[in-house]
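S.K.: Protein chains in written order, with this note's numbering: chain A, 172 to 505; chain B, 172 to 505; chain C, 228 to 436; chain D, 228 to 436. Can you read through this structure? Questions will come right after.
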Amino acid sequence: MQRFVNDPDAIVEETVRGFVKVHSDLVRLDPANDRVVVSRDAPVQGKVGVVTGGGSGHEPAFIGYTGRNMVDAVAVGELFSSPTAKSFLDAIKAANGGAGVCVLYGNYAGDNMNVKMAMRMAKKEGIEVLTVVANDDVCSAPAAEREKRRGVAGEILMWKIGGAKAALGASAAEVQAAAQKAIDATRSIGVGLAPCTLPANGKPNFQIEPGKMEFGIGHHGEPGVNITELKSANEVADDMLKIVLDDHDLATGDEVCVLISGLGATPVNELYVLYDRIESQLAAQGITTYRGFAGNYFTSLEMMGATLTVMKLDDELKALLDHDVATPAMGVNG
Amino acid sequence: MQRFVNDPDAIVEETVRGFVKVHSDLVRLDPANDRVVVSRDAPVQGKVGVVTGGGSGHEPAFIGYTGRNMVDAVAVGELFSSPTAKSFLDAIKAANGGAGVCVLYGNYAGDNMNVKMAMRMAKKEGIEVLTVVANDDVCSAPAAEREKRRGVAGEILMWKIGGAKAALGASAAEVQAAAQKAIDATRSIGVGLAPCTLPANGKPNFQIEPGKMEFGIGHHGEPGVNITELKSANEVADDMLKIVLDDHDLATGDEVCVLISGLGATPVNELYVLYDRIESQLAAQGITTYRGFAGNYFTSLEMMGATLTVMKLDDELKALLDHDVATPAMGVNG
Amino acid sequence: MSTFANAGAGAIIREVAAVIVENRGYLSEIDGKIGDGDHGNNMAKGFGRAAERITDADTLDAAMMTLSDVLMSEIGGSMGPLYGMFFADMADVIEGKEQIDVRTFGAMLAAGRDGVVAIGSAKVGDKTLLDTLFPAVDAFCAAGDDFPAALRAMTAAAEAGRDSTLDMVAKIGRASRLGERSRGVLDAGATSCCMILTAMAEQTAKRLA
Amino acid sequence: MSTFANAGAGAIIREVAAVIVENRGYLSEIDGKIGDGDHGNNMAKGFGRAAERITDADTLDAAMMTLSDVLMSEIGGSMGPLYGMFFADMADVIEGKEQIDVRTFGAMLAAGRDGVVAIGSAKVGDKTLLDTLFPAVDAFCAAGDDFPAALRAMTAAAEAGRDSTLDMVAKIGRASRLGERSRGVLDAGATSCCMILTAMAEQTAKRLA
Ligand SMILES: Nc1ncnc2c1ncn2[C@@H]1O[C@H](COP(=O)(O)OP(=O)(O)O)[C@@H](O)[C@H]1O
Ligand SMILES: Nc1ncnc2c1ncn2[C@@H]1O[C@H](COP(=O)(O)OP(=O)(O)O)[C@@H](O)[C@H]1O
Ligand SMILES: [Mg+2]
Ligand SMILES: [Mg+2]
Ligand SMILES: [Mg+2]
Ligand SMILES: [Mg+2]
Chain A
172 MQRFVNDPDA IVEETVRGFV KVHSDLVRLD PANDRVVVSR DAPVQGKVGV VTGGGSGHEP
232 AFIGYTGRNM VDAVAVGELF SSPTAKSFLD AIKAANGGAG VCVLYGNYAG DNMNVKMAMR
292 MAKKEGIEVL TVVANDDVCS APAAEREKRR GVAGEILMWK IGGAKAALGA SAAEVQAAAQ
352 KAIDATRSIG VGLAPCTLPA NGKPNFQIEP GKMEFGIGHH GEPGVNITEL KSANEVADDM
412 LKIVLDDHDL ATGDEVCVLI SGLGATPVNE LYVLYDRIES QLAAQGITTY RGFAGNYFTS
472 LEMMGATLTV MKLDDELKAL LDHDVATPAM GVNG
Chain B
172 MQRFVNDPDA IVEETVRGFV KVHSDLVRLD PANDRVVVSR DAPVQGKVGV VTGGGSGHEP
232 AFIGYTGRNM VDAVAVGELF SSPTAKSFLD AIKAANGGAG VCVLYGNYAG DNMNVKMAMR
292 MAKKEGIEVL TVVANDDVCS APAAEREKRR GVAGEILMWK IGGAKAALGA SAAEVQAAAQ
352 KAIDATRSIG VGLAPCTLPA NGKPNFQIEP GKMEFGIGHH GEPGVNITEL KSANEVADDM
412 LKIVLDDHDL ATGDEVCVLI SGLGATPVNE LYVLYDRIES QLAAQGITTY RGFAGNYFTS
472 LEMMGATLTV MKLDDELKAL LDHDVATPAM GVNG
Chain C
228 MSTFANAGAG AIIREVAAVI VENRGYLSEI DGKIGDGDHG NNMAKGFGRA AERITDADTL
288 DAAMMTLSDV LMSEIGGSMG PLYGMFFADM ADVIEGKEQI DVRTFGAMLA AGRDGVVAIG
348 SAKVGDKTLL DTLFPAVDAF CAAGDDFPAA LRAMTAAAEA GRDSTLDMVA KIGRASRLGE
408 RSRGVLDAGA TSCCMILTAM AEQTAKRLA
Chain D
228 MSTFANAGAG AIIREVAAVI VENRGYLSEI DGKIGDGDHG NNMAKGFGRA AERITDADTL
288 DAAMMTLSDV LMSEIGGSMG PLYGMFFADM ADVIEGKEQI DVRTFGAMLA AGRDGVVAIG
348 SAKVGDKTLL DTLFPAVDAF CAAGDDFPAA LRAMTAAAEA GRDSTLDMVA KIGRASRLGE
408 RSRGVLDAGA TSCCMILTAM AEQTAKRLA
C-alpha cells in the first residue's frame, strides 16, 4: 500500500485538521465536535441551514462543499462510513439560524439511520429538520425501485441548488423542494478501472482485472451491472451516457448540467477527454450543456474510474446553478 | 493500463477541447492555434501579458491557471513534452496587450529551447518578451548549481505573484522582478510512491517497489536523491520539510505560503494529513503559514506521491498572493 | 435457579470487545467480499474504545450503555445505530437489577433485538445480523429456565444463524445490489453478531451461581 | 565522382521516417530508463507526420524543410528545436542544388550539426545525440571524395558514437540528475540519431550514380 498514513485510525482526524487549516478563510471546526466542519458564515440568522454528511475518503466531498451559499455544516464520518447521529445533530445545530435546517444527504443505510436519530434529537431541541435523500446512481437499483438507489456525485448538484435556494432566503420547505427537484432531475453512473484500499485493511476490497472495467460501480466499490473489457474513452463515455439517457426523460432542446468526477487516481486530463465526448454526444442529440464540471469532485480514495452525472435544467435550476458560490471544492462566480 | 484513452496521440487535443468547454466562462482556445489556451480577458490593452507553457499530463497545470489575474495564455505541449516554439509564440501574441509579455516557465531543456526560439520570433514581430525560469526543485541540483534545478509546483506561486503584479498595472520589468523574487523565495521537493504510465507506452517508465518511496523525485519521474523505506505520513512530511528548510533561509518570525500538491493518484485526504503536519512543524519553529494550499495542483498523470512547496513571504508577496484570482484550478477571493 | 450479579458483570462486555478487536481483520475481510470492507475496523474501534472506559466494578447495564454511547457518538456507520440501539435497549431492561436471571436475560435480548429492528427496518432473510440475532434470541427464550442450557442453545442457534447467511442473497444494505453474486459469502454483521452473542454466553456462563 | 539528384531525393527522408516510426517503442523504452520515456513517441509523431506530407517528387531540401517545420511547429519537446534546427540548417546548404556530391553532402551534415549545437549548447561527452552526430560527421568529412566509402564511414562512426554513450554519465537534460545511475544505458537521442544517419546513408548510397 503506497500511501501517506500515520495511524490508520487517525486519518479522518488528521484530514479534517489539515483541511480547516488550509481553508480557514471559508470554514472552521465546530468547537463542540471535531467531526463537524462549519462554514465561516454559519449560522446565518433567519437563513435555512443546509447540512450534509457522509463517510470520509471521498474528498473533496463532503467537507469541500462547505462555504458561502452551499453547505453550512458537514458531519464527517470515518472512511467510507456514515457519521454518527451525534455529529449529524451537531451539524444541524451549527447550521441552525432559526429558520429550520435541511439535511441533504445520500441514500446509504448508515446515513439513513444516523440522520433519523439526529432528527429525533434535533426535534427535542426544537429545531425543525427536513431531509432530502439523494438517489442519483442509476445502476444501484432499477427505475421501479428508485428509492433504493444510492446517492453519488449528483449530491453535489443537490447541495449547489439547495444551498443557493437557502441563500436567496427561501423557507425550509422551499429549500427542500428545490433540492428534491434537483436530485429528481439528476442521474449518475460510475465506471471503475481499479480498486481502492482502506489503509486499515492494507489491501484492496475488490479486484478489477487489468484490461477489464466494472460498469455501474458504486462509490465504495459496490459491484456494478457487469464487468466488461476496458473500452476506449469514447466508448465508455457513450455507454455511460446511454445508461443515463435511458433512465432520463431528455429531449431535443433540453438543457443540462454535466458533471464528470474522477474516482481519485484517474488522471485529470482523461476526465476532460470524457467530458469532451459526452458534451459532443449530447449536442448531437440536440441537448445543450448549459454548464459543466470535470475534475475530482467526489472521489473514492485512490480508485481509478469516473462518474458521469447529468441534471436536467429548467429556468429555476439554471438560476440556482449560476448563483455565486465559494467553497474549497467549487467556486462559481455568477 | 487502466485508463480512459482513445488514440494515445490524440489525448492532448481531446483534453484541451474538453477543458475549454468546461471552463468557457474563464478561458478560450486561440483561434490560430489549438495548442494555446487563452484567458477570456486577454489581451488586456496596456497590461503586461503573462504566459506560461509546458508539457501536458500535469493537469490542472498548466492550462488550469489561465484566467483572471494569473496567466493570460498557455502553450500546451504533448504529454511530458515541451510545447513547440510556435505555440509559445502564439501564446505570447495572444497575451500581448502592447505592454510586453513575461514568459514564466519551468527549467527544462525543451522549454528553454522552445522559449528561446519563440522569443527570437516574437522580437521580430516587435513584441518585448522577458522571461523567468522557475527552479524551485531542491533535489534536482545542489545549491551551488541552482540554475540547473528544475521548476515544479513552485511555478504556480510564481504565476500567482506575476499575474497579480501584472493585473495591478506594473511594467514588464516589474512583473519579471516580482516573479523572479517569488521563485527565488520558493523551494520544492517531491516524493514518489508509485510510477505513472504514458498511454502511448502502455507501461510505467520507472518502478517504485511496494514498501519503498523515491525521495526527491521529479515531475516526470526523474530519479530523486534516494530510494528509502516508505515511512509514515508524518515522517515523510518531516523529511520533506527538512530538505526545504536546509536549503532556505527561514527564521523564527518568518511567514510562508505552503503548497502541497498530489502527483495524481494519492488520495486527497492524505494531502491534508501531510499539510497538517507541515503546518504544525513550521509553527513549532516559529514560522507562520500565512496561506496554504493542498490538493492536486500540479500532477504527473497517475503517479502516487506529493510535492511540498514553501515560499517565504514579505509584505509585497503577501499582498500579491492575496490578490483576487479566478482560474479553473485556483480561486482566491482577497 | 441460577443468576449472576449485575455489579461487576460489565466485564462481560470487555470480554466481548476483546473478541471483536481480535477479529478485526477477519470481519473486514468478509465485509470486503460483498460490502465495503470496513466492518472489522468500525467494530474494533467502537468496542475497543468502549472497553477502555469500562471498569471491573461496572454493572452490565452501565457497560452496555458505555458501549452504546461510544457506538452512537463516535462510530457512526451502520453499526453505530444498529448495535448502539441493541445495547441501549438491552441496558434499559436490566437497569437497577441486582441479580439477573434467565428470564430477565431473555427479556433483555428480546428488547435489544427489537431495537435493531426498529432502527434498521430489516427482516430475517435479508442477509444481515438479524439472521443471527433472531434465531439466537428465539432459541434462548425457548430453552426454558435452565440458564446454562439456554446460553448453549443461544450459541448454537447464533452459529447456525450466521451460517445460514452463507447461502442467502442480500436484500438490504450495500450487498443487496449484488443479487446472486452476494450468495456464497457469510454476512459480516451476522458474523460479528455471532461473536458477540457467543462471547456473552461464554462469559455469562462463567458467572452463574 | 558520384552524385545524386536533389529532385526526388525527398524520398530519403520518408525512408528515415519509416525507420523512426518502426522503432517508436524501442526509443521510448530506452528513454524511459533514464529519461521520461517519450522519445520514441515524439520522434514517431514528428517524422510520421512529415512523411505523409513529403511527395516522391520533393527535393531533399524540401523534404528536410517539411520535416523541420513539423518538428518545430507541431512536436515541441527537445526534439522539435534540436532535430528541427538539424534538418533546417542541412536544407539551407543544399537548397537550389541540382546534384549533390560528397563535398556538399559533408557541408550539409556539418551545418546540421552546428545547428544542433547552437540551439542545445551541449558538448560531446554529455551523453546526447551529439555523441553520435560529431563522430559521424567527422568520419564522413575525413573519408575523402569516395561518396559510398564516406557514407559507410559515417554509419560505422554513428554506431560507435551511439555505443559510446552506453558508458557515459549524462551531463545535460533529464538524465543528468542521475549521475552514476545514468551509466550503462544508451542515450535515446544518440540512438535515434544513429538511426537517422544510418538510414540516410543507406538510402543515399542507393541513389548514387
Ligand atoms: N438495516 C439493517 N438491519 C440490520 N443489519 C444491517 C442493516 N443494514 C446493514 N446491516 C448489517 O451491517 C453489516 C455491515 O456493517 P458495516 O460494514 O460496519 O457497515 P457499512 O455497511 O456502513 O459499511 C452488514 O453485514 C449487515 O449485517
Ligand atoms: N541540449 C541538448 N543537445 C543535444 N541533445 C540533447 C540535448 N538535450 C537533450 N538532448 C537529447 O534529447 C534526448 C531526449 O529526447 P526526448 O525524450 O524526445 O525529449 P525530452 O527530454 O524533452 O523528453 C536525449 O536522449 C538527448 O540525446
Ligand atoms: Mg462502511
Ligand atoms: Mg519529454
Ligand atoms: Mg462495511
Ligand atoms: Mg524524453
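Quick reminder that beta carbons are idealized off the backbone N, C-alpha and C, glycines included.
Who are the Cβ neighbours of Met290/A in its own chain at under 6 angstroms, not counting the five residues just before and after it?
M.R.: Answer for Met290/A: Val300, listed in chain order.
S.K.: Pull out every residue of the stretch 194-208 of chain A whose Cβ sits closer than 8 angstroms to any Cβ of chain C, in chain order.
M.R.: Correct list: empty, as no residue qualifies.
S.K.: For a minimum of 3 consecutive residues, which ranges assigned as the beta strand (DSSP E) are wholly contained in the stretch 371-402 of chain D?
M.R.: You should have found no qualifying run.
S.K.: Just list the alpha helix (DSSP H) runs in the stretch 324-358 of chain A, keeping only unbroken ones of 4 residues or longer that don't cross its boundaries, in chain order.
M.R.: Those alpha helix (DSSP H) runs which fall completely within the stretch 324-358 of chain A and span 4+ residues are 325-338 and 343-355.
S.K.: Quick one: residues in its chain with C-beta nearer than 6 angstroms to the C-beta of Val208/A, no 5 flanking neighbours on either side, listed in chain order?
M.R.: Counting only Cβ-Cβ distances below 6 angstroms, and skipping sequence neighbours, we find Val198, Ile234, Thr237 and Val245.
S.K.: Scan the stretch 293-306 of chain D for residues whose Cβ lies nearer than 7 angstroms to a Cβ of chain B and list them as they occur along the chain.
M.R.: Correct list: Met299, Ser300, Glu301, Ile302, Gly303, Gly304 and Ser305.
S.K.: At what residues does the alpha helix (DSSP H) containing Met501/B begin and finish?
M.R.: Element bounds for Met501/B: n/a, residue is neither H nor E.
S.K.: Are the C-beta of Asp263/C and some C-beta of chain A separated by less than 9 angstroms?
M.R.: It does: the Cβ of Asp263/C has a partner Cβ on chain A nearer than 9 angstroms.
S.K.: Between Ile302/C and Lys287/A, is the Cβ-Cβ spacing less than 9 angstroms?
M.R.: Cβ atoms of Ile302/C and Lys287/A: not closer than 9 angstroms.
S.K.: I want to see whether chain A comes within less than 9 angstroms of Asn278/B, judged by CB atoms only; does it?
M.R.: Not closer than 9 angstroms to any Cβ of chain A, the Cβ of Asn278/B fails to qualify, so no.
S.K.: Within the 9 angstroms Cβ cut-off, does Leu369/B reach chain D?
M.R.: Yes, its Cβ sits closer than 9 angstroms to a Cβ of chain D.
S.K.: Could you check how far apart the C-beta atoms of Ala477/A and Leu445/A are, in whole angstroms? I think they sit under 8 angstroms.
M.R.: 6 angstroms between Cβ atoms; contact.
S.K.: Within this structure, are the beta carbons of Leu152/B and Met411/B separated by less than 9 angstroms?
M.R.: A question about residue 152/B goes unanswered here, because the residues of chain B that appear run from 172 up to 505.
S.K.: Using DSSP with H/G/I as helix, E/B as strand and the rest coil, what is Gly189/B?
M.R.: DSSP places Gly189/B in helix when its eight states are reduced to three.
S.K.: With DSSP as the reference, please indicate the residues paired to Cys428/A in a beta bridge.
M.R.: Bridge partners of Cys428/A: Arg462/A and Met482/A.
S.K.: By the criterion of Cβ-Cβ separation under 8 angstroms, what are the contact partners of Phe469/A in chain B?
M.R.: Correct list: empty, because the minimum Cβ distance to chain B is about 11 angstroms.
S.K.: Measure how close the beta-carbons of Asp224/C and Ala417/C come, nearest whole angstrom, since I'm counting them as under 8 angstroms.
M.R.: Within the shown structure, residues of chain C are numbered from 228 to 436, placing residue 224/C beyond reach of any answer.
S.K.: Counting only Cβ pairs nearer than 9 angstroms, list the residues of chain B close to Leu405/D.
M.R.: Here the neighbours are Glu393 and Pro394.
S.K.: Expressed to the nearest angstrom, what Euclidean distance is found between the alpha-carbon atoms of Asp288/C and Ala363/C?
M.R.: One C-alpha to the other measures close to 20 angstroms.
S.K.: Where DSSP assigns a beta bridge to Lys383/B, which residues make up the other side?
M.R.: According to DSSP, Lys383/B bridges with Glu400/B.
S.K.: In chain order, what residues place their C-beta within less than 5 angstroms of a heavy atom belonging to ligand 6?
M.R.: Cβ atoms closer than 5 angstroms to ligand 6 belong to Asp258/D, Gly262/D, Asp263/D, Asp265/D and His266/D.
S.K.: Given that Asp178/A touches chain C, what residues does it touch there, using C-beta distances under 8 angstroms?
M.R.: Within chain C, no residue comes near Asp178/A; the closest Cβ sits about 11 angstroms away, beyond 8 angstroms.
S.K.: Please report the residue range of the alpha helix (DSSP H) in which Ala363/D lies.
M.R.: Here the alpha helix (DSSP H) through Ala363/D covers Leu357 to Ala369.
S.K.: Just curious, the beta strand (DSSP E) that Leu250/A is in, first and last residue?
M.R.: Where Leu250/A is concerned, the enclosing beta strand (DSSP E) stretches over Ala244 to Leu250.
S.K.: Taking 9 angstroms as the threshold (beta carbon to beta carbon), is Ala256/B in contact with chain F?
M.R.: In the structure shown, chain F cannot be found, because the protein chains are A, B, C and D.
S.K.: Kindly give me the distance between the Cβ atoms of Ile388/A and Gly361/A, rounded to whole angstroms, as I take these residues to be in contact under 8 angstroms.
M.R.: The Cβ separation is near 5 angstroms, so the contact holds.
S.K.: Should Gln378/A be labelled buried (16 or more other beta-carbon atoms within 10 Å of its own) or exposed?
M.R.: That one is exposed.
S.K.: Taking the alpha-carbon positions, what's the Cys421/C to Arg389/C distance?
M.R.: Roughly 6 angstroms between the two C-alpha positions.
S.K.: Straight-line CA distance for Gly228/A to Tyr468/A?
M.R.: When rounded, the distance between both Cα atoms is 12 angstroms.
S.K.: Just to confirm, does Asp353/C get its C-beta within under 8 angstroms of one of the non-hydrogen atoms of ligand 1?
M.R.: Because some heavy atom of ligand 1 lies under 8 angstroms away, the Cβ of Asp353/C counts as near it: yes.
S.K.: Run through chain B and tell me which residues come within less than 8 angstroms of Ala477/A, C-beta to C-beta.
M.R.: Simply Phe175.
S.K.: Does the stretch 333-351 of chain B come into contact with the stretch 455-466 of chain B, if we say contact requires no fewer than three beta-carbon pairs (one atom in each stretch) closer than 8 angstroms?
M.R.: Verdict: no, contact absent.
S.K.: Please state whether DSSP places Ala293/B in a helix, a strand or coil.
M.R.: Helix, per DSSP.
S.K.: In whole angstroms, give me the CA-to-CA distance for Gly268/A and Ala305/A.
M.R.: Cα-Cα distance, rounded: 24 angstroms.
S.K.: Following a CB-centred definition, is Asn512/A positioned closer than 8 angstroms to any heavy atom of ligand 1?
M.R.: The requested residue 512/A is not part of the displayed model; chain A covers only 172 to 505.
S.K.: Excluding the 5 residues preceding and the 5 following Ser229/D in the sequence, name in chain order all residues of the same chain whose CB lies nearer than 8 angstroms to its CB.
M.R.: Correct list, in chain order: Asp328, Val329, Phe374, Pro375, Leu435 and Ala436.
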